[in-house]
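Residue numbers (the UniProt record's numbering), protein chains in the order written: chain A, 1 to 135; chain B, 1 to 135.
For each residue, glycine too, the CB sits at the ideal point set by N, CA and C.
Given the structure is predicted, the values throughout are model-derived calculations rather than measurements.
Here is the structure we will look at, set down as structure tokens.
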DNA sequence: ATTATTTTGTTTGATTGTCAAGTTATTTGG
DNA sequence: CCAAATAACTTGACAATCAAACAAAATAAT
């Protein structure tokens, strides 16, 4: 248990470094790419929901979104029913960035699991499912 | 493979959120606790090495270390042989914080793995070992 | 041995990400 | 209909960060 704990911490650290270097290559900041990632994997959403998912305040997000709009990565559209709200969604350019980032992640997953046999991958997948449910 | 990739991303996100909330409770910042963590798990080291492990410049670290010294969490001692260098190490208070954080991590690992049978934990541990080696 | 280069840590100035608090517009509940 | 809650924005203040310039010391080259 103790060793598994250390392995998880090490895994997290290495994933962090990897993410940082991959993001740097895009020319955008970590916060910016993270925003694109969330929008890409969950689809268009209101500012409030996006802020919650990113773990930041809406005030911070307002500024961040403004930049991303100027970069042409995302677009703001009024909410159909709630006129207080704004829907934020990826532009085609934003979608392209998300897909690119996704491919990087997939490649990494393939790279780090290449010495695992099919049975281990199966157990690993099930274990991640169970662990993610417990957070 | 595709689903495993998504599970890893989800796992990373959840671990991130967890870390953020645990760190917030300590009253110190994420960067500060991270510095304590590295010093706690690897022992005293030079500024340069610490900066490299944290993925920041020595300039940034100089400022950060100054604060942590004022908080009484770490101490600076001259390097025995290289007079350009400074050794940074945890004080007893810093060690206490590290131990506390470590206990939190261990508790989390126990919590998220509680529905895994011993055999799965074994495979999971071996898989993490192999994956960490491939980064 | 002397000089040039590299390494280590610090300082400074600029930029980014962040929050808290206050504001406005809108929605919801009594 | 009015009060309270919610959504987004604005502003002012910090934290964290980097790059560049610097000084001191170690290392390499000649």
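C-alpha distance - residue i paired with residue j, whole-angstrom precision
i, j, result
"residue 65(A)", "residue 41(A)", "17 Å"
"residue 92(B)", "residue 118(A)", "47 Å"
"residue 112(A)", "residue 89(B)", "33 Å"
"residue 70(B)", "residue 78(B)", "18 Å"
"residue 116(B)", "residue 9(B)", "20 Å"
"residue 48(B)", "residue 94(A)", "37 Å"
"residue 85(B)", "residue 55(B)", "19 Å"
"residue 121(B)", "residue 124(A)", "9 Å"
"residue 27(B)", "residue 99(B)", "16 Å"
"residue 51(A)", "residue 24(A)", "22 Å"
"residue 132(A)", "residue 7(B)", "8 Å"
"residue 61(B)", "residue 32(B)", "10 Å"
"residue 128(A)", "residue 130(B)", "16 Å"
Status (buried if at least 16 other CB within 10 Å, exposed otherwise) for residue i
i, result
"residue 19(A)", "buried"
"residue 2(A)", "exposed"
"residue 58(A)", "exposed"
"residue 109(B)", "buried"
"residue 63(A)", "exposed"
"residue 29(A)", "exposed"
"residue 105(B)", "buried"
"residue 81(A)", "exposed"
"residue 21(B)", "exposed"
"residue 101(A)", "buried"
"residue 107(A)", "exposed"
"residue 17(B)", "exposed"
From the options, residue whose alpha carbon lies closest to that of residue i
i, options, result
"residue 67(A)", "95(A), 36(A), 117(A)", "36(A)"
"residue 134(B)", "128(A), 131(A), 114(A), 124(A)", "114(A)"
"residue 34(B)", "24(A), 54(A), 27(A), 12(A)", "12(A)"
"residue 97(B)", "56(B), 132(B), 4(B), 73(B)", "73(B)"
"residue 5(B)", "32(A), 10(A), 15(A), 6(A)", "15(A)"
"residue 87(A)", "31(A), 7(A), 43(A), 22(A)", "43(A)"
"residue 39(A)", "128(A), 60(A), 76(A), 17(A)", "76(A)"
"residue 83(A)", "60(A), 127(A), 7(A), 46(A)", "46(A)"
is_contact[residue i, chain B] using C-beta, thresh 8 Å
i, result
"residue 123(A)", "yes"
"residue 24(A)", "no"
"residue 131(A)", "yes"
"residue 105(A)", "yes"
"residue 134(A)", "yes"
"residue 109(A)", "yes"
"residue 29(A)", "no"
"residue 20(A)", "yes"
"residue 45(A)", "no"
"residue 40(A)", "no"
"residue 98(A)", "no"
Residues bridged to residue i [DSSP beta-bridge criterion]
i, result
"residue 89(B)", "75(B)"
"residue 103(B)", "Beta-bridge pairing links residue 103(B) to no other residue."
"residue 45(A)", "88(A)"
Beta carbon proximity, residue i to chain A, threshold 8 Å
i, result
"residue 8(B)", "yes"
"residue 36(B)", "no"
"residue 210(B)", "With chain B represented from 1 up to 135, any question about residue 210(B) goes unanswered, as that position is not in the structure."
"residue 112(B)", "yes"
"residue 70(B)", "no"
"residue 64(B)", "no"
"residue 79(B)", "no"
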